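A.B. asks: Chains as they are written, first to last, in our numbering: chain A, 1 to 299; chain B, 1001 to 1271; chain C, 2001 to 2447. Every residue gets a Cβ at the ideal spot worked out from N, C-alpha and C, and that includes glycine. Small disclaimer: the values here were computed from a predicted structure and weren't measured. I'd like to ask some things about the structure below.
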Amino acid sequence: MNTLFFRLQHRYAPYLFVAPFVVLFLTFTLYPIVKSILLSFYITNGPKSQVFVGWDNFRFLWGDPAFHKAVKNTCVYALCSVFLQLPLSLGLALLLNSRLVKGRDFFRFSFFSPHLVGQVFVAVLFSVVFIPKFGLLNRVLHALVGTAIDTKWLGSPELVMPALVLTSLWMYVGFNMIYFLAALQAVDKELYEAAQVDGAGAFKQFVHVTLPGIRSVAVFVTVLSTIGSFQLFELPYVMLGNTAGPDNAGLTVVMYLFQNGFIAGDLGYASAIGWTLTMGVLVISLAQMRLTGTWKKES
Amino acid sequence: MGWQRTSLYAMLMLCAVVMLTPMAWLVAAAVKGPDDLFHYLFFAPLSRFSLYNFRQLFEQIPYVRFMINSLFVSGATVLVQLFFSSLGGFALAKYEFVGKRVIMVLMLTTMMIPAQVMLAPMYELIYAMGLVDSYVGLIVPGAVSVFGMFLFRQSMLDLPDDLLQAGRMDGCTELRLYWDVVLPVQRPMIGAFCLIAFMGSWNNFLWPQIVLHSQERFTLPIGLNQMVGLYAQEYGAMMAGTLLAVLPVVLLFFFLQKEFISGLTSGAIKG
Amino acid sequence: MPRLFAHGLPFGKAPTLILVVTVLAGLYLLVHPVEKSTATLRLWTFASNHATPYQKAIPSFEAKHPGVELEVQLVHGDAVNSRLRAAFWADLDVPDLVEVEISRAGSFFRGPIDDVGFIDLMPILQRTGYYERIVQTRFAPYRSRGRIYGLPHDVHPVVLAYRRDLFEALGIDVDQIETWEDFVRIGRQVSVPGERYMIELSDNNAGHFEMFLFQRDGGYFNADGQLIMDDEVALETLLFFIPLVAGPERIGSDLGSSRLFTQAVESGYFLSFICPDWRSKGTETDIPRMGGKMALMALPAVEVGGRRTSTWGGTMLGITKACPDPELAWQVAEHMYFDKAELAERFRETNILPPLKDAWEHPAFDEPRPYWSGQKLGRIYADLADDVPPQYASPFIETAKSKMAGVISSCAAYYRQHGEVGFEDFARQRLRSAAEEVRRYIGRNPY
Chain A
1 MNTLFFRLQH RYAPYLFVAP FVVLFLTFTL YPIVKSILLS FYITNGPKSQ VFVGWDNFRF
61 LWGDPAFHKA VKNTCVYALC SVFLQLPLSL GLALLLNSRL VKGRDFFRFS FFSPHLVGQV
121 FVAVLFSVVF IPKFGLLNRV LHALVGTAID TKWLGSPELV MPALVLTSLW MYVGFNMIYF
181 LAALQAVDKE LYEAAQVDGA GAFKQFVHVT LPGIRSVAVF VTVLSTIGSF QLFELPYVML
241 GNTAGPDNAG LTVVMYLFQN GFIAGDLGYA SAIGWTLTMG VLVISLAQMR LTGTWKKES
Chain B
1001 MGWQRTSLYA MLMLCAVVML TPMAWLVAAA VKGPDDLFHY LFFAPLSRFS LYNFRQLFEQ
1061 IPYVRFMINS LFVSGATVLV QLFFSSLGGF ALAKYEFVGK RVIMVLMLTT MMIPAQVMLA
1121 PMYELIYAMG LVDSYVGLIV PGAVSVFGMF LFRQSMLDLP DDLLQAGRMD GCTELRLYWD
1181 VVLPVQRPMI GAFCLIAFMG SWNNFLWPQI VLHSQERFTL PIGLNQMVGL YAQEYGAMMA
1241 GTLLAVLPVV LLFFFLQKEF ISGLTSGAIK G
Chain C
2001 MPRLFAHGLP FGKAPTLILV VTVLAGLYLL VHPVEKSTAT LRLWTFASNH ATPYQKAIPS
2061 FEAKHPGVEL EVQLVHGDAV NSRLRAAFWA DLDVPDLVEV EISRAGSFFR GPIDDVGFID
2121 LMPILQRTGY YERIVQTRFA PYRSRGRIYG LPHDVHPVVL AYRRDLFEAL GIDVDQIETW
2181 EDFVRIGRQV SVPGERYMIE LSDNNAGHFE MFLFQRDGGY FNADGQLIMD DEVALETLLF
2241 FIPLVAGPER IGSDLGSSRL FTQAVESGYF LSFICPDWRS KGTETDIPRM GGKMALMALP
2301 AVEVGGRRTS TWGGTMLGIT KACPDPELAW QVAEHMYFDK AELAERFRET NILPPLKDAW
2361 EHPAFDEPRP YWSGQKLGRI YADLADDVPP QYASPFIETA KSKMAGVISS CAAYYRQHGE
2421 VGFEDFARQR LRSAAEEVRR YIGRNPY
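Printed below as a string of structure tokens:
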């Protein structure tokens, strides 16, 4: 079959196949990126009027206490994600990976199901769980460890972040566990046997066989987690409403972006915030990948 | 080894209990009457089983409409994404062409940039296209899933080239190859992707919040969030609404558990 | 083409299932399309206790104006603000009349004057003579740069609602309570933190605090639009307020929302709470079991002979620039807001005092209310109405309020930890820095 049509379609098929991506990319990614970079040099009142201010937005951002608070909150959250969540996920995966366990499917489902729920619905559910005096958490804690029953989780500045971290722990531990579990199962069993023959105990095996074996997945999950936590928005927005909690205790960078852009109407300032965040995330992700010595060619 | 096994199970059960408790509470809260909601910690006695919350829910907000909107938008999004992403992934996996590297780099950058940065200009674009407050405006910007493209590329790499060549000898066009040769083998990945895409679209909040104006077009997350502010005292109804909203995804997951796990991890493991 | 499905459905069962569901849902949506409104005029409101009486009043309005179709749409809660904002920006679907809540109204007055979506009502108000008949201070929150953008819906004077039976049981004589000093002294005697509080007060949002501020003639902005949230009055109020809600001698706490509030009042967890007129109706509906056991008393004064009320909440009705027939829209406003017979009936249903002073002469306002131990609810509120303090508007009111909320929380946290030690300096500092943030924010605004 060597008709012109056949040859042509064979040659140009790939271009056709990636065309949707390219078109959408140009329209809905490239154009908005360029436009938002431009916008960050303006102050706007909704999409209608704008005033050019040059670097002023960024200067203001630098000294803006609310932004500082948002950055601090977001960083705390990201650190907790990486250093609390991931070890827990790994731990769970290790437990579940053991040969001794049956009914793995059940456990996998129960650990993973919170993630299925979606941030918005989790936020709705947990805003009720955290209610002082009558909510689930306070009553359970009161019964188990005797803490005050009217602890105001979402109403006290010191407790808002812990509440958010707790909620996201619930949501994401199972998700990351799945990755770790698969990675653990992919580690070559023979390596463990070899280590055992060499006289290595369980801990040494863990450090010298397991960790290196899951390294690429661990990096992948860490980077993904970091990027994701810097973009935290829906959880605090739905749980705390527009107010971002008492004294902005739950304000994240993206939430601040949303407040400025879509509530106050200053899309220029919002873009400035957004790009500062993007730069930060890029730098951190690259640093993470460099530090762990992997350069991702593909995801 | 008895105690080892027991302690293992104990820890796992403890974690499972902690994980499942809020969900259990959700189910319990949905079927408790208004006075019982905070009176009983979990389930009220069976005699006090009540559908009051569901009645309230359907009376206060047009929940059924929200649900149907969500089903339509998510379903359409998944189908569109499935088609475009698998096509794109196929091209990336099995063809060499000018600009392939560039495209892959572009794909990576898309994933790095937080969507919120692009929200405002995207909104202006949609407005300029006249697609504000429409279903199309919801679906089109997300029509191609970069994550999906990566997934499909990953799983299609393993497809033997001979198969494709044989097909071409037989006179198959590339499109026919895709449809008849490649896709049938990708069923597990397709299943996984469907779940991932469905979940993403179903739970999507920010973009619909910005694009949709008429209440009749609201999807579940927006509709339910609205309820939080207004009917804050109707906790029971809110819980009932949340329960119904998470059911479709949970059901889909049940069907597709195995494929989902393998799909999710193949990208990470092989990569 | 038959070969297309040689292997069965190419995509597998999951996509097929999804396809079926999508098609079904799509069909449903096709059959029930979003209806384009055919109404001549549309009014948006966010509160169901406003929407219901308005909808009831539609037939009588349409009878007066044959051929005109009026539609009243209830847009839930905060959505009205985001949808209104979006509508203004996109020039899409802007309603003709819209009710906006007092704490949000200012944000719609931002930007260049031409961008403000509401028309100036001053000319109409003066021409029709309504300007003098309405409680003057109620225009303040809806005024900006010399224009009046909203018609006040209400006055919202504030009193204290209390459990008369529990007060009697505890030997509290309300006639002896004239000032806050009296109230706090008694409060300290009867409050047991964790079990019983004299009054419901929040320590982390500015809503309750504002009432104390307004009572003392303080506020966020003054009549000239300048920020005064860190002046001496504000500091005094802060120093007075925080010990009421934080620390071992606190007499107030809060719980969150209505259903829990019901339980709290029924169990005597809160002995009293701040009650503007709208809240009294909410109380009657949500806490029916306390009928006959509740009563109202004027707010304690700051000093003997001082103002015995404050204000909480408010709604304005604005006519948008997008409205093709502002005169007709004004007719709607007049019909909904100023029809005296309607107003009396509405008062019975909502307890909300209208801002039209001559409306208060109607006998409905003197009816004794069994729920409130036979008190004449209308008269109580009407007598205080003229004393209601003004709240001045600004495009930055939301920013100021949110910064103030931050001040309240952090001061409460400080007080819980350190008590009186260094508190005044901390509060002053915190208030000042919050105000500076707002000033900085105002300063960069080019409009």
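(1) Going by C-alpha to C-alpha distance, which of Ala2301/C, Leu2238/C and Leu2017/C sits closest to aspartate 2175/C?
(2) Could you check how far apart the C-beta atoms of valine 1250/B and leucine 291/A are, in whole angstroms? I think they sit under 8 Å.
(3) With DSSP collapsed to three states, give me the class of methionine 1129/B.
(4) I need the boundaries of the alpha helix (DSSP H) containing serine 2409/C, first residue and last residue.
(5) Less than 8 Å separating the beta-carbons of proline 1034/B and tyrosine 1063/B?
(6) Run through chain C and tell me which residues come within less than 8 Å of leucine 1082/B, C-beta to C-beta.
(7) When every heavy atom of the ligand SAM is checked, does at least one fall within less than 7 Å of the C-beta of glycine 2282/C?
(8) How many angstroms separate the CA atom of aspartate 2203/C from the CA atom of glutamate 2436/C?
(9) So the beta strand (DSSP E) cysteine 80/A belongs to, where does it begin and stop?
(10) What three-state label does DSSP hand tryptophan 1003/B in the structure shown?
(11) Using the three-state DSSP reduction, which class does valine 2332/C fall into: helix, strand or coil?
(12) List the residues of chain A whose Cβ lies closer than 9 Å to the Cβ of glutamate 2437/C, in chain order.
(13) Rounded to whole angstroms, what is the Cα-Cα separation between isoleucine 1261/B and cysteine 1015/B?
(14) Within the continuous beta strand (DSSP E) that includes isoleucine 2199/C, where are the two ends?
(15) Span of the alpha helix (DSSP H) holding methionine 2229/C?
(16) With H, G and I counted as helix, E and B as strand and the rest as coil, what does DSSP make of cysteine 2033/C?
(17) When the Cα of glutamine 2189/C is compared with those of Asn2205/C, Phe2209/C, Phe2167/C and Arg2145/C, which residue comes out closest?
(18) Among the candidates Gly1142/B, Phe1147/B and Ser1074/B, whose CA atom is the shortest distance from the CA of threonine 1109/B?
(19) Taking Cβ-Cβ distances shorter than 7 Å, what residues in chain C pair up with valine 1132/B?
(20) So, for valine 217/A: in the same chain, excluding its five sequence neighbours on each side, which residues have a beta-carbon less than 6 Å away from its beta-carbon?
(21) Straight-line CA distance for phenylalanine 1254/B to valine 254/A?
(22) Using a Cβ distance threshold of 8 Å, determine whether the region 65-83 of chain A contacts the region 248-264 of chain A, with at least three qualifying pairs required.
(23) Name the DSSP beta bridge partners of tryptophan 2372/C, please?
(24) CB proline 2152/C to CB glycine 2314/C, shorter than 8 Å?
(25) Have a look at arginine 59/A and glutamate 1174/B and give me their C-alpha separation to the nearest angstrom.
(26) In three-state terms, what does DSSP make of isoleucine 2274/C?
(27) Closest to glutamate 2071/C by C-alpha separation, out of Arg2439/C, Ser2060/C, Ala2169/C and Leu2244/C, would be which residue?
(28) Mind checking the region 39-57 of chain A against chain C and listing, in chain order, the residues whose C-beta falls within less than 8 Å of any C-beta there?
(29) Would you say alanine 2140/C and tyrosine 2381/C are within 8 Å of each other, going by their C-beta atoms?
(30) Classify serine 2048/C as helix, strand or coil using the three-state DSSP reduction.
(31) Interface residues of chain B around valine 2034/C at Cβ under 7 Å?
(32) Go through its chain and collect everything with a Cβ distance to glycine 2247/C's Cβ below 8 Å, but skip five positions before and after it.
(33) Using 8 Å as the threshold, is the C-beta distance between glycine 2374/C and aspartate 2366/C below it?
(34) Taking only runs that begin and end inside the region 2063-2103 of chain C, name each unbroken beta strand (DSSP E) of 3 or more residues, in chain order.
(35) What three-state label does DSSP hand leucine 166/A in the structure shown?
(36) At which residues does the beta strand (DSSP E) containing arginine 2163/C begin and terminate?
C.D. replies: Answer, in terms of the structure:
(1) Walking along the third sequence from the start, residue 2175/C turns up at place 175. Of the listed residues, the one whose Cα sits closest to aspartate 2175/C is Ala2301/C.
(2) Counted from its first residue, the second sequence places residue 1250/B at position 250. Counted from its first residue, the first sequence places residue 291/A at position 291. Contact flag wrong, Cβ pair sits at about 38 Å.
(3) Taking the second sequence and counting its residues from 1, one reaches residue 1129/B at position 129. Note: methionine 1129/B maps to coil in three-state DSSP.
(4) As a working mapping, residue 2409/C is identified with position 409 in the third sequence. Serine 2409/C -> alpha helix (DSSP H) spans 2397-2418.
(5) The count along the second sequence starts at 1 and reaches residue 1034/B at position 34. The count along the second sequence starts at 1 and reaches residue 1063/B at position 63. Their beta carbons are not under 8 Å apart, which means proline 1034/B does not touch tyrosine 1063/B by this criterion.
(6) In the second sequence, counting from the first residue as 1, residue 1082/B sits at position 82. Simply Phe2011 and Pro2015.
(7) Annotation note on the ligand SAM: not contained in the displayed structure, which lists no ligands.
(8) The count along the third sequence starts at 1 and reaches residue 2203/C at position 203. The count along the third sequence starts at 1 and reaches residue 2436/C at position 436. About 22 Å.
(9) Start at 1 with the first residue of the first sequence, and residue 80/A comes out as number 80. Note, cysteine 80/A: premise wrong, no beta strand (DSSP E); alpha helix (DSSP H) at 65-80.
(10) Taking the first residue of the second sequence as position 1, residue 1003/B is located at position 3. Helix, per DSSP.
(11) The sequence position of residue 2332/C within the third sequence is 332, counting from 1. In this structure, valine 2332/C counts as helix in the three-state DSSP scheme.
(12) Within the third sequence, numbered from 1, the residue matching residue 2437/C stands at position 437. Under the 9 Å cutoff, chain A gives Asp64, Pro65 and Ala66.
(13) Position 261 of the second sequence, counting from 1, holds the residue named residue 1261/B. Position 15 of the second sequence, counting from 1, holds the residue named residue 1015/B. Cα to Cα, isoleucine 1261/B sits roughly 20 Å from cysteine 1015/B.
(14) Taking the first residue of the third sequence as position 1, residue 2199/C is located at position 199. Unbroken beta strand (DSSP E) run through isoleucine 2199/C: 2197-2200.
(15) What you label residue 2229/C is simply residue 229 of the third sequence in a count that begins at 1. Where methionine 2229/C is concerned, there is no enclosing alpha helix (DSSP H), given that its DSSP letter is neither H nor E.
(16) In the third sequence, counting from the first residue as 1, residue 2033/C sits at position 33. A quick correction: the sequence has proline, not cysteine, at residue 2033/C. Coil at proline 2033/C, not helix or strand.
(17) Position 189 of the third sequence, counted from the first residue, corresponds to residue 2189/C. Measuring from the Cα of glutamine 2189/C, the nearest candidate turns out to be Phe2167/C.
(18) Here residue 1109/B corresponds to residue number 109 of the second sequence, with the count starting at 1. Cα-wise, what sits closest to threonine 1109/B is Phe1147/B.
(19) For this step, residue 1132/B is matched to residue 132 along the second sequence. By Cβ distance, chain C contributes Ala2090 and Leu2092.
(20) For the purposes of this step, residue 217/A is identified with residue 217 of the first sequence, where counting begins at 1. Taken in chain order, the residues that qualify are Tyr179 and Ala183.
(21) Residue numbering aside, residue 1254/B sits at position 254 when the second sequence is read from its first letter. Residue numbering aside, residue 254/A sits at position 254 when the first sequence is read from its first letter. Taking the straight line from one Cα to the other gives about 33 Å.
(22) yes
(23) As a first step, residue 2372/C is located in the third sequence; it is residue number 372 there, counting from the start. DSSP lists no partner for tryptophan 2372/C.
(24) On the third sequence, position 152 is the one that residue 2152/C refers to. On the third sequence, position 314 is the one that residue 2314/C refers to. Yes, they are a contact pair.
(25) The residue given as residue 59/A occupies position 59 in the first sequence. The residue given as residue 1174/B occupies position 174 in the second sequence. Taking the straight line joining both Cα atoms gives about 54 Å.
(26) Residue numbering aside, residue 2274/C sits at position 274 when the third sequence is read from its first letter. Note: isoleucine 2274/C maps to strand in three-state DSSP.
(27) Here the question's residue 2071/C lines up with position 71 in the third sequence. With distances taken between Cα atoms, glutamate 2071/C lies closest to Ser2060/C.
(28) Ile43, Asn45, Gly46, Pro47, Lys48, Ser49, Val51, Val53 and Asp56
(29) For the purposes of this step, residue 2140/C is identified with residue 140 of the third sequence, where counting begins at 1. For the purposes of this step, residue 2381/C is identified with residue 381 of the third sequence, where counting begins at 1. For alanine 2140/C and tyrosine 2381/C, no; Cβs fall outside 8 Å.
(30) Taking the first residue of the third sequence as 1, we reach residue 2048/C at position 48. Looking at serine 2048/C - three-state DSSP - the assignment turns out to be helix.
(31) As a working note, residue 2034/C is residue 34 in the third sequence. What valine 2034/C touches in chain B: Ser1214, Glu1216 and Arg1217.
(32) Position 247 of the third sequence, counting from 1, holds the residue named residue 2247/C. Tyr2415, Arg2416 and Gly2419.
(33) The residue labelled residue 2374/C in the question sits at position 374 within the third sequence. The residue labelled residue 2366/C in the question sits at position 366 within the third sequence. For glycine 2374/C and aspartate 2366/C, no; Cβs fall outside 8 Å.
(34) 2070-2074 and 2097-2101
(35) The sequence position of residue 166/A within the first sequence is 166, counting from 1. Three-state result, leucine 166/A: helix.
(36) Residue numbering aside, residue 2163/C sits at position 163 when the third sequence is read from its first letter. Element bounds for arginine 2163/C: 2158-2163.
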